[in-house]
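Q: First, the structure itself, so that you have it in front of you.
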Amino acid sequence: MAETQSFGFVLSGRNTRAAADDGLQGDHDVFVAKKPMLQTMAVENDPAASLACVRHQFGEHGGVNMSIEASATFTVMEPETMRRMFSGELGPERDFFIYSRHFNPTVLNLGRQLAALEGTEAAYCTASGMSAISSVLLQLCSSGGHVVASATLYGGTHALLTHFLPRTCNITTTFVDITDHEAVKNAIVQGRTQVLFFESMSNPTLTVADIPELSKLAHDKGITVVVDNTFSPMVLSPARLGADVVVHSISKFISGGADVIAGAVCGPARLVNSMMDLHQGALMLLGPTMNAKVAFELSERIPHLGLRMKEHGRRAMEYATRMQKLGIKVVYPGLEDHPQHELLKSMANKEYGFGGLLYVDMESEERANRLMHHLQNSSQFGLIAVSLGYYETLMSCSGSSTSSELNDKEKALAGISPGLVRMSIGYTGTLEQKWSQFENAVFRMKDSSTMFKKI
Ligand SMILES: Cc1ncc(COP(=O)(O)O)c(C=O)c1O
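Take a look at the structure:
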């Protein structure tokens, strides 16, 4: 038989399905995982320990890596099986697949890793972070519904909530300062508000949300808590802290290569299954499907995510400390003067640091642009580019780029100054080599002595 299990490893071969099909062998359940495939064994609190519990899928020929299931469609032994699959009687939990816009085995396997990472019952991956966010909001909210959201969100998410959802679905949003819990409570409209949405660490202001308190507050009012954890995988585990759903732009740290656009929805199996429903599922019907080849590539990067996050965090902490000593106005959640430093310490998973993002406030867009020019073109400290989580340092002036969807009033409310330069700290080169490149660029700024008091 094609599937044997030992020590959490599953050897899976192509005959599994054929034998299981139509109950041709009465005892086939002995060989096919009985535990629903959408559920993972996320028993551990530490994300790395939890990832180590995910069953290791070997390749068709015993390869140490799983095989890629590249098929768009799947065959059955008997026509009757098709009817049973479409009625929901046979599904991916028993290795029955219909069509890859619905479940695909390789994408499902990546979903299991994401579920373990975030400590949720289930997860499924999508073609982008935005499609994960929009699909989950459409699944949880109905027409006329209401969202309470943080005023500081990635520009695309802000635009989705401000412009797109009200126009297309009559779903409206009240934006609040997520650190002001009274304001959050007051914004909730009993009987209408369906979701509380915020980023665990906000883009780009790096405000850290009090996930346990906000979750409690929302749950007291019967509201679902959705947290975007794109900035802090491994560092924070929102679902372990009380949130219901965690969304990711995998395009960032989880990918780490700045070569893939992808997303994920991690949450209760009931929610993930409902998103795949043939009649009502946002993922099934809107179709932001991840390609199986992409899922395979990404699943190979998950095992070293923890190591990468530690190094991003170690360098960000060191640079932020040194920048502060130079008199640069720097914001980093690892610094003691960050308003939520103690809160972050109380919520963070041990040993993963405080994240790979910091920002410096240059006070004007002109100065921000000049600094980025020197950092890229004079000293090769990093690249002027949006996005984050890459192995090279990436820098962008948020107000004129990834937060440009917000108008001036919304930017002021979100705390985004025109000179805010967001930096996603990479880990290539040595720390000292990169620091001397940073200093070199700063000294080239013609007004550096007035800008930075201590130079
Ligand atoms: C916090 C956050 N969430 C979601 C997204 C959207 O992700 P994607 O570009 O993968 O659609 C981004 C993109 O920058 C982001 O920064």
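Remember, the numbering used here sits 259 above the position in the sequence shown when you count from 1.
Ideal Cβ positions, reconstructed from N, Cα and C, are used throughout, including at glycine.
Predicted, not measured: the structure shown is a model, and the values here were computed from it.
Find out if the Cβ-Cβ distance for the pair residue 493, residue 611 is shorter than 8 Å.
A: Against a cut-off of 8 Å, the Cβ pair of residue 611 and residue 493 comes out as a contact.
Q: Under 8 Å by Cβ, that's how I've got residue 375 and residue 323 pegged, so tell me the actual separation to the nearest angstrom.
A: With a Cβ gap of about 19 Å, residue 375 and residue 323 do not count as contacting.
Q: Below 8 Å, can you find three or more Cβ-Cβ pairs linking the region 647–658 to the region 616–627?
A: A contact exists between the region 647–658 and the region 616–627.
Q: Just checking residue 715 against ligand 1 - is the residue's beta carbon closer than 7 Å to any of the ligand's heavy atoms?
A: Absent from the model: residue 715. The displayed extent of the chain is 260 to 714, so no value can be given.
Q: How about residue 640 and residue 327: are their beta carbons less than 8 Å apart?
A: No, the Cβ-Cβ distance between residue 640 and residue 327 is not below 8 Å.
Q: State buried or exposed for residue 696, treating a residue as buried only when at least 16 other CB atoms are found within 10 Å of its CB.
A: Residue 696 is buried by the Cβ-count criterion.
Q: Look at residue 525 and residue 551 and say whether their C-beta atoms are less than 8 Å apart.
A: No, the Cβ-Cβ distance between residue 525 and residue 551 is not below 8 Å.
Q: Considering only residues of the region 406–477, which uninterrupted beta strand (DSSP E) runs meet the minimum length of 3 residues and lie entirely inside it, listed in chain order?
A: Complete beta strand (DSSP E) runs here, min 3: 431–435, 452–458.
Q: At which residues does the alpha helix (DSSP H) containing residue 667 begin and terminate?
A: Element bounds for residue 667: 667–673.
Q: Out of 560, 626, 476, 585, which has the shortest C-alpha to C-alpha gap to residue 373?
A: The option with the nearest alpha carbon to residue 373 is 560.
Q: Taking the runs of the alpha helix (DSSP H) that are 4 residues or longer, which of them lie wholly in the region 322–362?
A: Whole alpha helix (DSSP H) segments, 4+ residues: 338–345.
Q: Where do the N-terminal and C-terminal ends of the alpha helix (DSSP H) with residue 606 fall, by residue?
A: Looking at the DSSP string, the run of the alpha helix (DSSP H) that includes residue 606 is 600–606.
Q: Could you give the first and the last residue of the continuous beta strand (DSSP E) run that contains residue 618?
A: Segment 616–620, the beta strand (DSSP E) holding residue 618.
Q: Once DSSP output is grouped into helix, strand and coil, what is the label at residue 495?
A: In this structure, residue 495 counts as coil in the three-state DSSP scheme.
Q: Under a three-way DSSP split, which group does residue 316 fall into?
A: Note: residue 316 maps to strand in three-state DSSP.
Q: Can you say whether residue 532 is buried or exposed, counting buried as having 16 or more other CB atoms within 10 angstroms of its CB?
A: When all chains shown are included, residue 532 counts as buried.
Q: Quick one: give me the first and last residue of the alpha helix (DSSP H) that residue 385 is part of.
A: Element bounds for residue 385: not the alpha helix (DSSP H) but the beta strand (DSSP E), 381–385.
Q: If the criterion is Cβ atoms closer than 8 Å, does the pair residue 658 and residue 675 meet it?
A: Yes, the Cβ-Cβ distance between residue 658 and residue 675 is below 8 Å.
Q: Note down, in chain order, each residue of its chain lying with its Cβ closer than 6 Å to the Cβ of residue 622, except the 5 sequence neighbours on either side.
A: So the qualifying residues of the chain are 678.
Q: Regarding residue 650 and ligand 1, is the C-beta to nearest heavy atom distance less than 7 Å?
A: No.
Q: On the premise that residue 684 lies in contact with residue 581, defined as a C-beta separation below 8 Å, what is that separation, rounded to the nearest angstrom?
A: Rounded, the Cβ-Cβ distance is 12 Å, inconsistent with contact.
Q: Within the present structure, is the beta-carbon of residue 512 separated from the nearest heavy atom of ligand 1 by less than 7 Å?
A: False, no ligand heavy atom lies under 7 Å from that Cβ.
Q: To which residues of the same chain is residue 547 closer than 7 Å at the C-beta, ignoring the five residues directly before and after it?
A: Within the same chain, residue 547 has close Cβ partners 385, 386, 387, 390, 394.
Q: Can you name the start and end residues of the beta strand (DSSP E) that residue 523 belongs to?
A: Looking at the DSSP string, the run of the beta strand (DSSP E) that includes residue 523 is 522–526.
Q: Going by C-alpha distance, which of 400, 336, 537, 315 is nearest residue 347?
A: Of the candidates 400, 336, 537, 315, the one whose C-alpha sits nearest the C-alpha of residue 347 is 537.
Q: Indicate whether residue 360 and residue 631 have their beta-carbon atoms separated by less than 8 Å.
A: No; because the gap between Cβ atoms is not below 8 Å, this pair is not in contact.
Q: Measuring alpha carbon to alpha carbon, tell me which residue in 485, 512, 594, 541 is nearest residue 398.
A: Of the listed residues, the one whose Cα sits closest to residue 398 is 541.
Q: Three or more beta-carbon pairs under 8 Å between the region 563–579 and the region 434–449, yes or no?
A: In short, these stretches do not touch, since the Cβ pair count stays below three.
Q: Pick from 516, 502, 305: whose alpha carbon is nearest that of residue 479?
A: Of the listed residues, the one whose Cα sits closest to residue 479 is 502.
Q: Closest by CA to residue 470, which one among 667, 515, 464, 486?
A: Ranking 667, 515, 464, 486 by Cα distance to residue 470 puts 486 first.
Q: Does the Cβ of residue 449 have 16 or more other Cβ atoms within 10 Å, making it buried, or fewer, making it exposed?
A: Classification of residue 449: exposed, given that the 10 Å Cβ count is below 16.
Q: Would the C-beta of residue 462 count as close to ligand 1, meaning under 7 Å from any of its heavy atoms?
A: The answer is yes for residue 462.
Q: Check whether the Cβ atoms of residue 383 and residue 606 sit closer than 8 Å, and answer yes or no.
A: Going by C-beta atoms, residue 383 is not nearer than 8 Å to residue 606.
Q: Examine ligand 1 and report whether any of its heavy atoms sits within less than 7 Å of the Cβ of residue 483.
A: Not under cutoff, so the answer is no.
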